[in-house]
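Everything on this sheet refers to the single structure shown next.
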Amino acid sequence: MPSGNKYRVAIVGAGAIAAAHAGAVEDLGDRAEVVAVADLDGARAAAFADEHGVPAVFTDLATLLADVHPDLVTVCTPPGAHREAVLASLAAGAWVWCEKPPVLSLAEYDELAAAEPDQGPYVGYVFQHRFGSAARTLRQQVAEGTLGRPHVAICHTLWYRDHDYYAVPWRGHFETEGGGPAMGHGIHQMDLMLSLLGDWHEIRSLMGTLDRDVQTEDVSVAAVSFESGALASVVNSVLSPRQESYLRFDFTDATVEVSHLYGYDNSHWTWTPRDGVDGAAWAPPSDEASSHTVQLKAYLDAMDAGVRPPASGHDGRRSLELVTGLYQSAITGQPVRREDLRPSNPFYSLLDGGGQYRPARPGTAPEAAR
């Protein structure tokens, strides 16, 4: 329960995504309030505090935790700083809501999971696309078998990021970002797919560095089989001028699709029943857009109940497992099963397998893929 009348929230990292976190807290103002912000750049932290009415400003997390004792810390730093921020916050007794990608490897993810006390606080991760009303409705239909068995899925993140986007020093490097578009962009749509279809079984993939001057990939394609028997096509790109986030699910009795970019409401979804099947009752009963606000509401509900929030633990690990398997398969040229992702596997600790991916000049195949 809150330490006062509301949950006291601290935001770590005052970059662009922090505004979405502050906005979500403001939307739920009867339940939470931002009481502090920390950023290594003191001027940026101060400007953020002025804009959002935050009373306390810090340049380091340790001092914030000692002085403020927040109930919830939201981590908005670059990916390479997630691990230390989460560990420090959990040790201080705070719940944590961390931006995607969760951390840089499965090894780091499991380290954070081991740092959670048995009864909480817990660390959850920002995967807001699974929380809109349409996705919630479809998830219930899948669980109840309303649409029949899932057979085919398409999960395409076709975005565009220009060369200037990668001028930021931490972007485009495995050691600081964890990976390329599969890790930093497509992980949202892949998480939504996994939240609907469950655990995957095997992945076969290709990736390349075709146009951007980065040490990671800038495009990947994959074929995925699920434990249910369903098969999926997955594409992650930052080279696509006409941008789209597109998912399609073909069930026995219906096709369900969503086309959007960075967020959706019900109008972005379609349910198409097969001939002879009545699909009138399949529309979502409410219209709630995917957003940080709708996920934070679910997170605060979990805090109220003292239970693990969604998109944490095994539920939050699924997307990082799939990304890890994607990189291993693309780099080694071999299929990867989920059960292969053990601590003895070099890709468990480093998503490039310890320097195994060496991108060639744009337009040619990387050395490891030849």
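According to our numbering, the sequence shown holds residues 26 to 395 in order.
A virtual CB, placed ideally from N, CA and C, is assigned to each residue, including glycine.
Through-space distance from residue j to residue i, alpha-carbon basis
| i | j | result |
| --- | --- | --- |
| LYS31 | VAL93 | 14 Å |
| HIS226 | PRO206 | 22 Å |
| LEU65 | THR102 | 10 Å |
| ALA178 | GLY40 | 34 Å |
| VAL111 | VAL193 | 23 Å |
| SER250 | PRO310 | 31 Å |
| GLU141 | VAL128 | 15 Å |
| VAL59 | ASP300 | 52 Å |
| ARG395 | THR162 | Unreliable positioning characterises ARG395 in this predicted model, as indicated by a pLDDT of 43, which lies under 50. The coordinate reading is nonetheless provided below. C-alpha separation (whole angstroms): 44 Å. |
| MET208 | GLU202 | 8 Å |
| ARG363 | HIS77 | 43 Å |
| MET232 | ASP216 | 19 Å |
| ASN261 | THR182 | 5 Å |
| VAL37 | GLN153 | 19 Å |
| ALA6 | SER374 | Residue 6 lies beyond the residue range present for the chain, which begins at 26 and ends at 395; the question has no answer from this structure. |
| LEU376 | GLU109 | 19 Å |
| GLU200 | THR241 | 10 Å |
| ASP239 | ALA132 | Inspection of the sequence shows that residue 239 is occupied by Val rather than by Asp. Approximately 24 Å, taken between the alpha carbons. |
| LEU86 | LYS125 | 19 Å |
| THR280 | ARG342 | 27 Å |
| ALA385 | PRO80 | 49 Å |
| ALA45 | SER344 | 22 Å |
| CYS180 | ASP224 | 15 Å |
| GLY67 | PHE83 | 7 Å |
| ILE356 | ARG383 | 9 Å |
| ALA255 | ALA91 | 49 Å |
Whole-Å CB distance - residue i paired with residue j, under 8 Å assumed
| i | j | result |
| --- | --- | --- |
| ASP312 | ASP290 | 6 Å |
| ALA247 | LEU351 | 5 Å |
| VAL121 | VAL151 | VAL121 to VAL151, Cβ: 11 Å. No contact. |
| ALA63 | ALA43 | 10 Å between Cβ atoms; not a contact. |
| PHE372 | GLY380 | Incorrect: roughly 12 Å between the Cβ atoms, too far for contact. |
| VAL319 | GLY54 | In fact, because the Cβ distance is near 15 Å, the residues do not count as touching under 8 Å. |
| GLY358 | ALA138 | Not confirmed; about 31 Å, so no contact. |
| SER253 | PRO175 | 6 Å |
Collapsed DSSP secondary structure at residue i in the structure displayed
| i | result |
| --- | --- |
| ASN291 | helix |
| ILE228 | strand |
| LEU264 | strand |
| LEU272 | strand |
| LEU119 | First, the residue type needs correcting, since residue 119 is Ala and not Leu in the sequence shown. Three-state result, ALA119: coil. |
| ALA257 | strand |
| TYR191 | helix |
| ARG363 | helix |
Residue i - containing alpha helix (DSSP H), residue span
| i | result |
| --- | --- |
| SER374 | 371-374 |
| ARG33 | From DSSP, ARG33 is part of no alpha helix (DSSP H) but of the beta strand (DSSP E) over 32-37. |
| TYR352 | 338-357 |
Extent of the continuous beta strand (DSSP E) run through residue i
| i | result |
| --- | --- |
| HIS285 | 279-285 |
| VAL249 | 244-251 |
Contact test: residue i Cβ vs the ligand SAM heavy atom, cutoff 7 Å
| i | result |
| --- | --- |
| TYR147 | The ligand SAM is absent from the structure shown, which contains no ligands of any kind. |
Residue i at chain D interface by Cβ criterion, 8 Å
| i | result |
| --- | --- |
| LEU286 | The structure shown contains no chain D; it is built from a single protein chain. |
Segments assigned beta strand (DSSP E), at least 3 residues, entirely inside the segment 121-182: Fully enclosed beta strand (DSSP E) runs of no fewer than 3 residues occupy 148-150 of the segment 121-182, in order along the chain.
Just list the alpha helix (DSSP H) runs in the segment 51-110, keeping only unbroken ones of 4 residues or longer that don't cross its boundaries, in chain order. Complete alpha helix (DSSP H) runs here, min 4: 67-77, 86-93.
Secondary structure, alpha helix (DSSP H): runs of 4+ residues fully inside the segment 293-325: Here no run is fully enclosed.
Taking only runs that begin and end inside the segment 193-237, name each unbroken beta strand (DSSP E) of 3 or more residues, in chain order. Taking 3 residues as the minimum length, the beta strand (DSSP E) runs contained wholly in the segment 193-237 are 225-233, in order along the chain.
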